[in-house]
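Here's the structure, in structure tokens; my notes come after.
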Amino acid sequence: MPQPEPEPGVLWIVATPIGTLGDLSPRASEVLDTVGVILAEDTRRARRLLSHIGVTARGRLRSLHEHNEEAKVDSLVSTLAAGTSIALVSDAGTPVLSDPGYLLVRAVREAGLEIASVPGPSSFTAALAASGQPPLPATLAGFLPAKQGPRRRRIAELATCPWTLVVLLSPHRIGRELEDLSHVLGGDRKATLLAEVSKVHERAVIGRLAELAASAEVDHPRGEYILVVGPDGASSAETETDAATVEEVYDQALAGGADRRQALRLTAQHLGLSRRVVFDVLAASREDNPADHESDGDG
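All residue numbers for the sequence shown refer to our numbering, where the first residue is 91 and numbers rise by one.
Following this line, the structure appears as structure tokens:
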């Protein structure tokens with residue numbers, strides 16, 4: 091096979107397995123075997139991967155993590171400019187997305203040096219494809235802050251995004267994180283909780299955020315978790331719901347003695363919609379709607 095480098099001094103972004111070592115591509119193995127330097131977030135994990143594919147580090151393996159990246163960027167750019175190629179790997183999956191490497195990639199681009207990608211495993215795309223939630227458009231939110239205050243503020247920012255969200259969860263905080271997501275985004279928001287993606291014990295639970303926050307996975311967390319949150323009130327069925335149907339169910343609830351806030355909630359439950367969708371449909375389709383009287387309570 092030809093050598094992978096088009097020319098010396100290339101920064102290779104190499105995707106590595108997120109669970110099963112056999113997912114590493116032959117091209118990735120070849121690049122890791124030929125470059126002059128391998129940058130890894132955790133050199134111990136990288137060494138195990140290299141050993142699995144029969145590649146020795148030979149003094150080429152160096153650490154690059156969030157605490158040292160900024161200090162190392164200039165010297166690494168100089169290394170590339172001198173003609174030595176570098177491979178960037180993360181602990182698992184595609185580098186840079188939720189891992190260190192952005193500062194280096196930006197500096198290499200600004201220096202006019204070459205960058206080449208070796209695509210492969212990604213927890214983002216793997217979870218999105220297997221979730222059963224609308225796949226596009228989608229936003230990768232990454233990990234949430236460890237403390238509740240910053241975490242809820244971050245989730246509130248994400249709540250403005252109308253489409254599918256992919257959130258990486260910490261197994262040590264999964265219960266608290268799911269509770270906050272349910273509280274801020276709404277407990278009736280549809281989502282899929284995936285665990286151990288691409289590994290032997292891969293599994294998933296699909297439901298609403300409030301249900302997932304109370305699921306058995308929270309009581310006995312095992313492995314790495316990814317949450318795929320569907321669009322706010324938007325599934326194919328929801329987007330096809332017409333105003334006449336919403337109005338009919340809402341009016342029936344009012345006729346049954348419910349006040350406007352209760353009717354809004356009952357309509358959402360009956361049609362499998364979020365209260366925000368019901369509120370917006372009513373607000374757009376009639377003069378006598380909840381907006382004339384009170385907020386729907388969804389923020």
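Every residue, glycine too, gets a C-beta built ideally from N, C-alpha and C.
Taking the Cβ atom as the reference point for each residue, do residue i and residue j lie within a distance shorter than 8 Å?
i	j	result
R137	A147	yes
V318	S213	no
R279	G232	no
V208	L129	no
G265	A285	no
Q352	A345	no
A236	V256	no
A219	P225	yes
L151	T124	no
L203	L101	yes
F369	L354	yes
V127	T184	no
T106	L140	no
H157	E131	no
A333	V367	no
State buried or exposed for residue i, treating a residue as buried only when at least 16 other CB atoms are found within 10 Å of its CB.
i	result
S45	Residue 45 lies beyond the stretch modelled for the chain, which goes from 91 to 389, so this question has no answer here.
E160	exposed
A358	buried
Y315	buried
P190	buried
L111	exposed
D349	exposed
G347	exposed
R365	buried
G149	exposed
E267	buried
T250	exposed
A246	exposed
R430	The question about residue 430 has no answer, for the chain in this structure spans 91 to 389.
A182	buried
S326	Reliability fails at S326, whose pLDDT of 40 lies under 50, so the model's placement of it is uncertain and the value that follows must be treated cautiously. S326 should be labelled exposed.
S340	Before going further, note that residue 340 is Tyr rather than Ser in the sequence given. Buried: at least 16 other Cβ atoms inside 10 Å.
D309	exposed
T329	Summary for T329: the model assigns pLDDT 46, below 50, so the residue's position carries little reliability; its value from the coordinates is reported in the next sentence. Flag for T329 reads exposed.
Please identify the residue among the options whose C-alpha is closest to the C-alpha of residue i.
i	options	result
L234	L271, Q359, T254 and L187	L271
L275	L284, I264, P252 and D309	P252
P98	P224, I108 and V121	V121
I176	A216, S153 and G183	S153
L259	A303, Y192 and Q223	A303
E394	L283, A171 and H291	As displayed, the chain neither begins before 91 nor continues past 389, which places residue 394 out of reach and without an answer.
S375	L363, L361, H360 and E338	E338
H291	P311, H273, Q223 and Y192	P311
T215	L193, S188 and A206	S188
K162	Y192, Q223, A294 and H142	Y192
A206	R117, Q223, P261 and R244	R117
L363	S305, G277 and R293	G277
E269	S305, L361, A294 and L248	S305
H273	L248, T254, A294 and H360	L248
Between residue i and residue j, how many whole angstroms is the CB-CB distance? I'm expecting something under 8 Å.
i	j	result
G210	S115	5 Å
V186	I103	7 Å
A172	A201	Actually they are not in contact, since the Cβ atoms of A172 and A201 sit about 12 Å apart, beyond 8 Å.
Please decide whether residue i counts as near chain C, where near means a Cβ-Cβ distance under 8 Å.
i	result
L255	The structure shown has no chain C; it contains just one protein chain.
Inter-stretch contact at 8 Å, needing at least 3 Cβ pairs: the region 297 to 304 / the region 236 to 251: no
Pairing CB atoms from the region 196 to 214 with CB atoms from the region 166 to 183, are three or more of them under 8 Å? yes
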